[in-house]
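Line by line, the protein sequences are chains G and H.
If you count the first sequence from 1, position 288 lands on 288 in full-length UniProt numbering, and the numbers rise without skipping.
If you count the second sequence from 1, position 380 lands on 380 in full-length UniProt numbering, and the numbers rise without skipping.
Just so it is clear, CB atoms sit at the ideal spot from N, CA and C, and this is done for glycine as well.
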Amino acid sequence: MAGAVAVALSLTALPAVAATAASPSLPAPGRRAAAMAEEETSSEGLGWLFSWLPAWCPTSLQHLKEAEDKMLKCIASTYDKRYVYLPNGNKIWTLSFSPELSHRTPLVLLHGFGGGVGLWALNFEDLCENRTVHAFDLLGFGRSSRPHFDTDAQEAENQFVESIEEWRKEVGLEKIILLGHNLGGFLAAAYSLKYPSRVKHLILVEPWGFPERPDNAEHERPIPIWIKALGAILSPFNPLAGLRIAGPFGLSLVQRLRPDFKRKYSSMFDDNTVAEYIYHCNVQTPSGETAFKNMTIPYGWAKRPMLQRIPQMDQDIPITVVYGARSCIDGNSGSTVQSLRPNSYVKTIAILGAGHYVYADQPEDFNQKVKDICDSVD
Amino acid sequence: MLDREGGWSVSFAGCGFLGVYHIGAATCLQERAPHVIRDARRIYGASAGALAGAVLVGGGSLAQACADVLALAKEARKRNLGPLHPSFNVIKIIRDGLMRNLPENTHQLSSGRLCISLTRVSDGKNALISNFNSKEEVVQALICSSFVPIYCGLIPPSFRGVRYVDGGISDNLPQYESKNTITVSPFAGECDICPKGNSASFHEMNVTNTSIQFSLGNLYRLTQALFPPEPKVLGEICEQGYADALKFLKENGILNDSIYIHLSFKKRNPHEAAQHIDHTKKKVLTESNGVETLKMEALSDQQKQNPWPLEKSIFESLPPRLRKALQEACKEQNGFYAQFSKLFPMRVISYLMLPYTLPVESAYSIALRLVNWFPDMPDDIRWMQEQLCQIAATVYSQAKSKLFCISRKDKYTSLRKCQTVPSTVEFHSSYCHLKMPRSSADLETWLWESSCFMQSVMKNASADVQEHSDINSYPNFPPNPDESGLEIDFDSSSESSFQTAPEY
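As structure tokens, then:
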């Protein structure tokens, strides 16, 4: 059922599928040559067959690009933006700040579920003062390729982790400070488990998927049967399927449901730039989103919780957990990680007045804390 | 957490009947860390949050407030239609309860400290009221803040001559964005004091500043906000509030147990205060000596009185008066009639009788409301007249502008007929993307902006009269208007002239 829904929904953004399907067929040398230039996507292949149909969701990669440009236009510092082509044909949309400061360990930012590089708009300038900062759209999100992920949770996670490793190789970084928010935090931890030699410091910002689903589901107040039934009906769908179903009304849906994003970024924009960016990021073919769904069990818990695996992590990797004091994600993960790694450096930082989007809620505090952590590395 | 220099505030979210959560949380703050409330710069609140804040700051009794809310919930559940039954006058019950509970000098206590969030009816903007001249003004502001339109009535109440409705419509959690605000909300979400759901979902929505996580628990809570559950469930919500506030205090290291006894001396009722000290002593005694028997005895006493299914530890720690209020409210009615009316056939009969009993009951309660309305009647009627006048004026001006438009159109079409020039309609828009000319993106924008489109057509039509020489400059007429569902409302005479114009 879930698969059928995913197919039905992906039909709406067929040109984008065609674009991603077309790119792996590019010859390798041509790919390398194009890697340094920002490439426009062209809808080739089967796209012509369906392109005359009116799209239910008013989106395209072009829209996303425009929305991202709007998000980033207030950034004064100069930066490189480019696609990094991975050996398996996928491309990763990458922003690099202060490339000249490469003598210090670079900071790599992994965004969360449903986000993209644009959401770090409030943080880039501060973070890149002393070192190079790279941010990229995770595979399956934002402007990166949206390939098909394996339905198996472990395999999907591995695909994400490999894409990060290949990206690192292509960009040519030896060691990195890895910062991940939400899903990015989970993947950063998974990456550090697999490639411990590459990570100098792991910063987990409001990481998703750490605790195990508690068994005492019955302990909560009893919920009426009709609400449970509703939950059961909705659970096979992708988390953001509603946004795609809403079609042309999706954008105003984002604005209605998340007016707080506008407030978070109000120092930069007083229009609906952020809502547009989030909308165009998420309304395209669900690829990373489907992978995320396959990695979860209801409601929102990880299939393979990270806390079970964290004791196997290399003892030499220092970890800092940053969380917002108001967030729904429990800050206790930090202290649990600490107790699971008794011989390693683990620090928990709570940022007051911040919710789940710590870096947008209290950008000054967040940037200062992250800079302090980075300065402690080198 | 508590910044001494900058000061801090406490903000309570509006939440209807879930206000008992606030009462639980406020009780915890008052008993366990009274300086959090005492030294707070402001206490903000909307709707039920404002009620809790008013009781907290204005010197009312939280236990009494809890009993009032539970009584209100019982009243709402008494009839077949629940709170929608015409005889359920929620505003009157709240007003009476507040008048009883708040002391006479409550306006002095709360002026400058209590901030009540209201929504102005005239423009839908938020207003924060924080100074009061009398107890009546405090109560009236609270009534305005709690007035959910339609649910509570049709004519919005007024405060100092201005009509206001529920503060939750414009700002449900005032000062949410401030770092130094302790936010309290009964919905699981991004708040300092809120229930932590059994869901790890980070998807949430934001309703006028209140963040509500997407979870089944919250969906259930939303249904409970206006349609109260059983008193027992409300009691559990109250306990949850107490437990969450306690957790917040512990996590932030502001728990202060020594104040507990001080506070009990401050109680107004000497008899109750004595009881309170007694209880405190008893607690200290049992804990220090490790004599469990006394505690167990008390516990078993309670259990005999009324079995309490939830966490015993929290229930134990609830202040005795609040506990008593909860227990009183949860007590089943034991009378013969109460038992009798609960039987299944009786309930079926009562539902079947609804078409006959409802008109009679409605007529009675409407008569009652009319009598209560008499003092406010002239004011309200004047207000309704004003509203009607405004609506009529808007309709008139709209109609006038439409008629005016048509006359302009006639002029325009006659001109077009003799000239047969392609229309040079300039069309500024963000949705004329060359990449996707037929996307349904335009659907919504056109829905919203069609009026503005008409205006722009008209504007340009008038410009066209003067300068129809630059024909080629504006080629972007909306692509295929008929295909995308927009019907341009030209009258039939203009259609012929349209056909004479070349296609684009």
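ask   = Roughly how many angstroms lie between the CA atoms of H:G7 and H:I116, to the nearest whole one?
value = Straight-line Cα distance between these residues: approximately 19 Å.
Span of the alpha helix (DSSP H), counted from its first residue to its last, around H:L219 = First-last of the alpha helix (DSSP H) with H:L219: L216 to L226.
query = Going by alpha carbons, who is nearest to G:G324 out of G:P318, G:V346 and G:A354?
reply = Selection G:P318, G:V346 and G:A354 evaluated against G:G324 yields G:A354 as nearest (Cα-Cα).
ask   = For G:N182 versus G:F113, is the C-beta distance shorter than 8 Å?
value = Yes; because the gap between Cβ atoms is below 8 Å, this pair is in contact.
request  = Please state if the CB of H:S201 and the CB of G:Y299 are separated by a distance shorter than 8 Å.
outcome  = Cβ distance < 8 Å, so G:Y299 and H:S201 count as in contact.
key: Backbone CA spacing between H:V395 and H:N131 [nearest angstrom]   = Using only the alpha carbons, I get a separation of about 39 Å.
request  = Quick one: list the residues of chain G neighbouring H:T183, beta-carbon separation under 8 Å, in chain order.
outcome  = Near H:T183 (Cβ distances below 8 Å), the residues of chain G are R326.
ask   = Are the beta-carbon atoms of H:T106 and H:G58 separated by less than 8 Å?
value = Yes, these two residues count as a Cβ contact at 8 Å.
request  = Could you tell me how far apart the beta carbons of H:V139 and H:V69 are, in whole angstroms, since I believe they sit closer than 8 Å?
outcome  = H:V139 to H:V69, Cβ: 16 Å. No contact.
key: is_contact[G:K228, chain H] using C-beta, thresh 8 Å   = Output row for G:K228: interface = yes.
task = Kindly say whether G:R258, judged by its beta-carbon, lies nearer than 8 Å to any beta-carbon of chain H.
result = It does: the Cβ of G:R258 has a partner Cβ on chain H nearer than 8 Å.
request  = Give me the Cα-Cα distance between G:G247 and G:L257, rounded to the nearest whole angstrom.
outcome  = Going from the Cα of G:G247 to the Cα of G:L257 covers about 15 Å.
Proximity below 8 Å, CB of G:E125 to CB of G:I203 = Result no, Cβ atoms of G:E125 and G:I203 do not sit closer than 8 Å.
inquiry  = Buried or exposed, going by whether 16 or more other CB atoms sit within 10 Å of the CB of H:K400?
reply    = H:K400 should be labelled exposed.
query = Would you call the segment 25–33 of chain H and the segment 232–248 of chain H in contact, with 3 or more CB pairs under 8 Å?
reply = Touching, per the Cβ criterion.
ask   = In terms of residue numbering, what span does the alpha helix (DSSP H) encompassing G:W226 cover?
value = For G:W226, the enclosing alpha helix (DSSP H) starts and ends at I225 to L234.
key: Inter-residue spacing [alpha-carbon to alpha-carbon] between H:P437 and G:L240   = Residue placement at H:P437 is poorly supported in this model, since its pLDDT is 44, which falls under 50; the coordinates still yield a value, given next. If you take the alpha carbons of H:P437 and G:L240, they lie about 26 Å apart.
inquiry  = What would DSSP say about G:N130, mapped onto helix, strand or coil?
reply    = Coil.
task = Would you mind sorting G:H356 into buried or exposed? The rule is 16 or more other CB atoms within 10 Å of its CB.
result = When all chains shown are included, G:H356 counts as buried.
request  = Compute the Euclidean distance between the alpha carbons of G:M295 and H:E75, then round it to the nearest angstrom.
outcome  = Looking at the two C-alpha atoms, the distance is approximately 47 Å.
query = Which class does G:P58 belong to by DSSP, given the choice of helix, strand or coil?
reply = DSSP, reduced to helix, strand and coil, places G:P58 outside both helices and strands of the structure shown, so it counts as coil.
ask   = Which residues in the same chain have their Cβ closer than 8 Å to the Cβ of G:W167, if we skip the five residues on either side of it in sequence?
value = Here G:W167 has V84, L86, I92, T94 and F136 as same chain residues with Cβ atoms under 8 Å from its own Cβ, once five neighbours each way along the sequence are excluded.
ask   = Since G:K224 meets chain H, which of its residues come closer than 9 Å, beta carbon to beta carbon?
value = Per the sequence shown, the amino acid found at residue 224 of chain G is Pro instead of Lys. Ordered by position in chain H, the residues that pass the 9 Å Cβ test against G:P224 are Y220 and T223.
inquiry  = Short of 7 Å in beta carbon distance, which residues of its chain neighbour G:E364, apart from the five on each side in sequence? Order them along the chain.
reply    = Only residues of its own chain outside the window of five on either side were considered, and among them none has a CB closer than 7 Å to the CB of G:E364.
key: Straight-line gap, H:I182 to G:F292 (C-alpha atoms, nearest Å)   = Using only the alpha carbons, I get a separation of about 33 Å.
message = Any beta carbon from chain H within less than 8 Å of G:W120's own beta carbon?
response = Not an interface residue.
ask   = Using the beta-carbon count (16 or more within 10 Å), is H:M377 buried or exposed?
value = Answer is exposed; the Cβ neighbour count stays below 16.
key: Pairwise C-alpha distance: G:S163 and G:D361   = Within the model, the alpha-carbon separation for G:D361 versus G:S163 is close to 29 Å.
Beta-bridge pairing of G:I351 - partner residues as DSSP gives them = Its beta-bridge partners are G:G324.
task = With 8 Å as the threshold, decide whether the Cβ of H:L216 is near any Cβ in chain G.
result = With 8 Å as the cut-off, H:L216 counts as an interface residue toward chain G.
ask   = Are H:I143 and H:P157 close, meaning C-beta to C-beta below 8 Å?
value = Taking 8 Å as the cut-off, the Cβ atoms of H:I143 and H:P157 count as close.
query = Starting from G:W93 and walking both ways along the alpha helix (DSSP H), at which residues does that stretch end?
reply = Taken as a continuous stretch (DSSP letters only), G:W93 belongs to no alpha helix (DSSP H), being part of the beta strand (DSSP E) at K91 to F97.
request  = Kindly indicate which residue of H:N126, H:N372, H:I391 and H:F227 has the alpha-carbon position closest to the one of H:L81.
outcome  = Considering only alpha carbons, the answer is H:F227.
key: Classification of H:K125 by the beta-carbon crowding that lies within 10 angstroms, buried from 16 upward   = With a 10 Å radius around the Cβ and a threshold of 16 neighbouring Cβ atoms, H:K125 comes out exposed.
task = Buried or exposed for G:Q312, please, with buried defined as at least 16 other CB atoms from any protein chain shown within 10 angstroms of its CB.
result = Exposed.
inquiry  = Tell me the residue span of the alpha helix (DSSP H) that contains H:S87.
reply    = Counting along the chain, H:S87 falls outside any alpha helix (DSSP H), and DSSP gives it neither H nor E.
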